[in-house]
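Structure record follows, encoded as structure tokens.
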Ligand SMILES: Nc1nc2c(c(=O)[nH]1)N[C@H]1C(S)=C(S)[C@@H](COP(=O)(O)OP(=O)(O)OC[C@H]3O[C@@H](n4cnc5c(=O)[nH]c(N)nc54)[C@H](O)[C@@H]3O)O[C@H]1N2
Ligand SMILES: Nc1nc2c(c(=O)[nH]1)N[C@H]1C(S)=C(S)[C@@H](COP(=O)(O)OP(=O)(O)OC[C@H]3O[C@@H](n4cnc5c(=O)[nH]c(N)nc54)[C@H](O)[C@@H]3O)O[C@H]1N2
Ligand code: SF4
Ligand SMILES: [Mo]
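In the numbering used here, the protein residues as written are 436 to 1169.
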């Protein structure tokens, strides 16, 4: 038995792990206690990866759909040759727009996947390049781009003294706190005196640790943000000097939030007004703070307005680094950057570049709106998408409105799915390309560097880096390639150039990759990190990972030449806000419950839901407040139906007293394909309750995937006269 260091890639947290290897097979994963950032942290998914690597259900060969309609093994290079030919024919017949690509969350396995995917799509010349960020939190970029750009980083994770989280639960999801050991980091922050505010209809794991948990009804985050700004103005708590020097629209914003008093908003959101006032006072008590909104608010239909209002609070509280401040995370495996304390050139937020043919959507700062892709496939006419290359994502399992997505997948002339598992999308594909997984491929922390630079709520505290070599061989007799190799070989077969962009912001560098002979992954990773602040060779000297402080980097003083200003009151945002005011009237739904999104520690989206550990529930419960269950006469573990305006699913109900009454909380990714007719014991696909075309965010196309009106229908209710379908109406969310 030997023990080696590696990086866990099951999720974005990138834990430093120790891997025990016996007879060439990984047998045990544990956290690396000597690692300065992770300090031994590892979760159940990280530990389970050794079982998953040799799970018999994992694909060992690529597959092709035969004339008999079934999938059969095919040598991977033959598959690539055939796919190249088919794509070439579709391009010649229908044009480049007929070919779309989709990159999902499993891009985290290797820092080479995203650059090679992007280079392939660009080399091919199609604008139909999508990724999962636009069915996740696309407004995290759109909101700040509307607001304008400060030339230095936010205070972020650098010793914040106040943190406000809206609908995110970092202790389970590793988003909203720095990548590392989130529990330890929170303990450290709390003992240093940091104040934590959490806004969530659920007393989530992180809300339990908060100084102030505002357990509002879902869907009121924009109004709550407006009320916080109202208090900042009313009590004169904002950073006046910063705002006067660097912003415009202050008075317009003051006018726009005037009707959103704490009392008015508290009544809407079902919370005490004093909590809004307290939040505003805590937030403005320091200039060292950050605010992060997770999937809950971002999926509630108003993501862009919410993110815009939150970045307004951020600016009004002055949470930006100033001239002379040290930039704590200057990057490791990324290019050195310079930062300046002034407002810099704005970038487009939404509605630019390629237009979708549906819902007036177009490219955004977060990429093309994935919520419109199924329609682009189904809608006949010029530009119709006929081929989809999907890598590391699972459209048929994770895209909203499952039935619609499945119809789209079936309508494609060519569906290529790159996936180590027989996922819902693999089952519908013409070709399934089976890739190598986690410990079988080398990796680096370069993607974490990139995330550290892309915005608030992501990334790491300190400039941390690690390199991990491939540790184990893929299963014997298998025929697997790395994700990036698929795109390299396909480009070669189609005679396309690959101009590879390193994962570096804000000034990405693109250079052509040599196509004469295929590089090794290590050579490619050298290429991707060329000109990095810390050379990869230096990072490799620290196999257990290390912090690379390098020379300190400071924010430069303003050039004095910038004519740009941060915009506090762009007209479309102020218009949207006015539509939510008390004078605009409230929208109601007949349905008494609101479905909340939620993630569970032991699953990762739809990945490996069919291969979960034996000791955990193999399904996604519908969690309900016990009072609501009692009112509906639903027993613990009872099968019930959830019905929205768009679909109905059968789920198993479990009591959870951390939920605000009137809410149902359930994770997604379960339930496979409806035609498999599984029972509730294997989970239900909550995406069937969603719609891509009703209630979406009009800037990003982000579908409404939380705060969704639903009814909870006990099965056989007619036989139980005592049961009421109305829910606990007195307290339910409206
Ligand atoms: N109802 C509902 N729907 C949701 C959400 C929700 O909250 N509620 N959340 C949304 C969010 S936030 C997101 S990000 C999207 C996710 O949307 P997707 O990214 O499309 O979906 P995932 O379930 O993450 O799919 C990951 C796929 O990659 C495969 N995979 C695993 N490892 C590898 C690998 O190394 N290489 C390759 N090529 N493939 C691999 C897995 O088997 C799986 O099929 O779903 C969204 N859908
Ligand atoms: N263990 C694990 N980790 C994961 C994942 C996983 O599947 N498992 N998935 C990964 C992915 S793709 C993502 S995008 C991230 C997501 O990370 P998070 O955003 O932290 O995801 P959730 O746990 O779903 O937390 C969303 C919270 O929003 C609350 N909420 C719902 N609606 C509203 C609303 O309208 N307003 C407010 N204020 N709150 C609301 C819900 O009650 C819930 O507690 O997690 C990532 N990490
Ligand atoms: S949190 Fe768990 S799954 Fe994510 S990187 Fe760490 S060990 Fe892996
Ligand atoms: Mo996500």
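C-beta atoms are modelled at their ideal positions from N, C-alpha and C, and glycine is treated no differently.
Since the model is a prediction, treat every value here as computed from it, not as a measurement.
Point to revise | Spatial distance of residue 515 from residue 924 (CA atoms) | key: As a first step, residue 515 is located in the chain shown; it is residue number 80 there, counting from the start. As a first step, residue 924 is located in the chain shown; it is residue number 489 there, counting from the start. Looking at the backbone, the Cα of residue 515 and that of residue 924 are separated by about 7 Å.
Practice item. Decide if residue 1033 is buried, meaning its Cβ has at least 16 other Cβ atoms within 10 Å, or exposed. Key: Translated into the one-based positions of the chain shown, residue 1033 becomes position 598. By the neighbour-count criterion, in which 16 or more other beta carbons inside 10 Å mark a residue as buried, residue 1033 falls on the buried side.
Review point. Can you name the start and end residues of the alpha helix (DSSP H) that residue 537 belongs to?
Key: In the chain shown, the residue the question calls residue 537 occupies position 102. Note, residue 537: premise wrong, no alpha helix (DSSP H); beta strand (DSSP E) at 534-538.
Point to revise | residue 889, enclosing alpha helix (DSSP H) - first and last residue | key: Within the chain shown, numbered from 1, the residue matching residue 889 stands at position 454. Segment 881-889, the alpha helix (DSSP H) holding residue 889.
Practice item. Using the Cα positions of residue 689 and residue 1139, report the straight-line distance between them to the nearest angstrom. Key: Locating residue 689 in the chain shown gives position 254, counting from the first residue. Locating residue 1139 in the chain shown gives position 704, counting from the first residue. So the alpha carbons of these two residues sit roughly 29 Å apart.
Practice item. Taking the CB atoms as reference points, tell me whether residue 554 and residue 933 lie closer together than 8 Å. Key: The count along the chain shown starts at 1 and reaches residue 554 at position 119. The count along the chain shown starts at 1 and reaches residue 933 at position 498. Cβ distance < 8 Å, so residue 554 and residue 933 count as in contact.
Point to revise | Inter-residue CB distance, residue 437 and residue 603 (contact presumed, cutoff 8 Å) | key: Residue numbering aside, residue 437 sits at position 2 when the chain shown is read from its first letter. Residue numbering aside, residue 603 sits at position 168 when the chain shown is read from its first letter. A Cβ-Cβ distance of about 39 Å is found for the pair residue 437 and residue 603, leaving them out of contact under the 8 Å criterion.
**Study point:** Cβ neighbours of residue 635 in the same chain (closer than 6 Å, five flanking residues each side left out)
**Key:** Here residue 635 corresponds to residue number 200 of the chain shown, with the count starting at 1. Excluding residues up to 5 positions away in sequence, 602 and 642 lie with their Cβ nearer than 6 Å to the Cβ of residue 635 in the same chain.
**Study point:** According to DSSP, residues forming a beta bridge with residue 1081
**Key:** The residue you call residue 1081 lines up with position 646 of the chain shown. In DSSP, residue 1081 forms no bridge with anything.
Check your understanding: Got a sec: does ligand 3 put a non-hydrogen atom nearer than 7 Å to the Cβ of residue 882?
Key -> Here residue 882 refers to the residue found at position 447 of the chain shown. With a threshold of 7 Å, the Cβ atom of residue 882 does not count as near ligand 3, since no heavy atom of the ligand is closer than that.
**Study point:** Buried or exposed (CB count within 10 angstroms, at least 16 for buried), residue 872
**Key:** For the purposes of this step, residue 872 is identified with residue 437 of the chain shown, where counting begins at 1. With 16 or more Cβ atoms within 10 Å of its Cβ, residue 872 is classed as buried.
Check your understanding: Does the beta-carbon distance from residue 692 to residue 659 come in below 8 Å?
Key -> Reading the chain shown from its first residue, position 257 is the one you call residue 692. Reading the chain shown from its first residue, position 224 is the one you call residue 659. No. Outside cutoff.
Check your understanding: Can you find a heavy atom of ligand 3 that lies under 7 Å from the Cβ of residue 468?
Key -> Here residue 468 is taken as the residue at index 33 of the chain shown, counted from 1. Shortest gap from the CB of residue 468 to any heavy atom of ligand 3: 7 Å or more.
Exercise for review: Please report how far the alpha carbon of residue 874 lies from the alpha carbon of residue 905, in whole angstroms.
Suggested key: Start at 1 with the first residue of the chain shown, and residue 874 comes out as number 439. Start at 1 with the first residue of the chain shown, and residue 905 comes out as number 470. The C-alpha of residue 905 is placed about 6 Å away from the C-alpha of residue 874.
Exercise for review: Have a look at the DSSP bridge pairing and note the partners of residue 753.
Suggested key: As a working note, residue 753 is residue 318 in the chain shown. Partner(s): none; residue 753 has no beta bridge.
Point to revise | CA nearest to the CA of residue 795, picked from 439, 461, 1103 and 1128 | key: What you label residue 795 is simply residue 360 of the chain shown in a count that begins at 1. When each option's Cα is compared against that of residue 795, the closest is 1128.
Review point. Which runs of the alpha helix (DSSP H) spanning at least 4 residues fall entirely within the stretch 984-1028, listed in chain order?
Key: Taken in chain order, the unbroken stretches of alpha helix (DSSP H) that lie wholly in the stretch 984-1028 and span 4 residues or more are 1006-1013.
Practice item. With a threshold of 7 Å, establish whether the CB of residue 1085 neighbours any heavy atom of ligand 4. Key: Translated into positions along the chain shown, residue 1085 becomes position 650. Checking every heavy atom of ligand 4 against the Cβ of residue 1085, none is found closer than 7 Å.
Practice item. Figure out for me which residue from 902, 901, 884 and 457 has the closest Cα to the Cα of residue 895. Key: Locating residue 895 in the chain shown gives position 460, where the first residue counts as 1. Nearest C-alpha to residue 895: 884.
Point to revise | residue 730 CB to nearest heavy atom of ligand 5 below 7 Å | key: This structure lacks ligand 5; its bound ligands are ligand 1, ligand 2, ligand 3 and ligand 4.
Review point. Using a beta-carbon distance below 8 Å, is residue 469 in contact with chain C?
Key: Judged by its chain identifiers, the structure shown contains no chain C, having just a single protein chain.
Review point. Helix, strand or coil: which one does DSSP assign to residue 648?
Key: Counting from 1 along the chain shown, the entry for residue 648 is found at position 213. When DSSP states are grouped into helix, strand and coil, residue 648 belongs to the strand group.
**Study point:** Contact test: residue 983 Cβ vs ligand 3 heavy atom, cutoff 7 Å
**Key:** In the chain shown, the residue the question calls residue 983 occupies position 548. The beta carbon of residue 983 sits no closer than 7 Å to any heavy atom of ligand 3.
Point to revise | Helix, strand or coil at residue 575 according to DSSP, with G and I counted as helix | key: Counted from its first residue, the chain shown places residue 575 at position 140. Correct three-state label for residue 575: helix.
Practice item. Answer yes or no: the CB of residue 477 versus the heavy atoms of ligand 3, is any distance below 7 Å? Key: As a first step, residue 477 is located in the chain shown; it is residue number 42 there, counting from the start. The nearest non-hydrogen atom of ligand 3 is less than 7 Å from the C-beta of residue 477.
Review point. So is residue 990 buried or exposed if we call it buried at 16+ other beta carbons inside 10 Å?
Key: Taking the chain shown and counting its residues from 1, one reaches residue 990 at position 555. So residue 990 ends up on the buried side.
Practice item. Indicate the three-state DSSP secondary structure (helix, strand or coil) for residue 507 in the structure shown. Key: Reading the chain shown from its first residue, position 72 is the one you call residue 507. Taken through DSSP and simplified to helix, strand or coil, residue 507 comes out as strand.
Point to revise | N- and C-terminal bounds of the alpha helix (DSSP H) containing residue 845 | key: As a working note, residue 845 is residue 410 in the chain shown. In the DSSP annotation of this structure, the continuous segment of the alpha helix (DSSP H) that includes residue 845 starts and ends at 837-846.
Check your understanding: Just checking my contact of residue 1123 with residue 1084 at CB under 8 Å: how many whole Å lie between their CB atoms?
Key -> Counting from one through the chain shown, the residue named residue 1123 turns up at place 688. Counting from one through the chain shown, the residue named residue 1084 turns up at place 649. In this structure, residue 1123 and residue 1084 form a Cβ contact; the two beta carbons are roughly 5 Å apart against a cut-off of 8 Å.
Practice item. Taking the CB atoms as reference points, tell me whether residue 570 and residue 732 lie closer together than 8 Å. Key: By one-based count along the chain shown, residue 570 stands at place 135. By one-based count along the chain shown, residue 732 stands at place 297. Annotated as distal: residue 570 and residue 732, with beta-carbon spacing of 8 Å or more.
**Study point:** Identified DSSP bridge partners for residue 460
**Key:** Start at 1 with the first residue of the chain shown, and residue 460 comes out as number 25. In the DSSP assignment, the residues bridged to residue 460 are 457.
Review point. Would the C-beta of residue 634 count as close to ligand 2, meaning under 7 Å from any of its heavy atoms?
Key: Numbered from its first residue, the chain shown carries residue 634 at position 199. Residue 634 Cβ: within cutoff of ligand 2.
Point to revise | Segment limits, alpha helix (DSSP H) that includes residue 946 | key: If you number the chain shown from 1, residue 946 lands on position 511. Run containing residue 946: none in the alpha helix (DSSP H); it sits in the beta strand (DSSP E), 945-947.
Check your understanding: If we ignore side chains and look at the alpha-carbon of each, how far apart do residue 856 and residue 1039 end up?
Key -> Within the chain shown, residue 856 is the residue found at index 421, counting from 1. Within the chain shown, residue 1039 is the residue found at index 604, counting from 1. Between residue 856 and residue 1039, the C-alpha separation is close to 14 Å.
**Study point:** Buried versus exposed, by CB contacts within 10 Å (16 or more), residue 682
**Key:** Taking the chain shown and counting its residues from 1, one reaches residue 682 at position 247. By the neighbour-count criterion, in which a residue is buried when 16 or more other Cβ atoms sit within 10 angstroms of its Cβ, residue 682 is buried.
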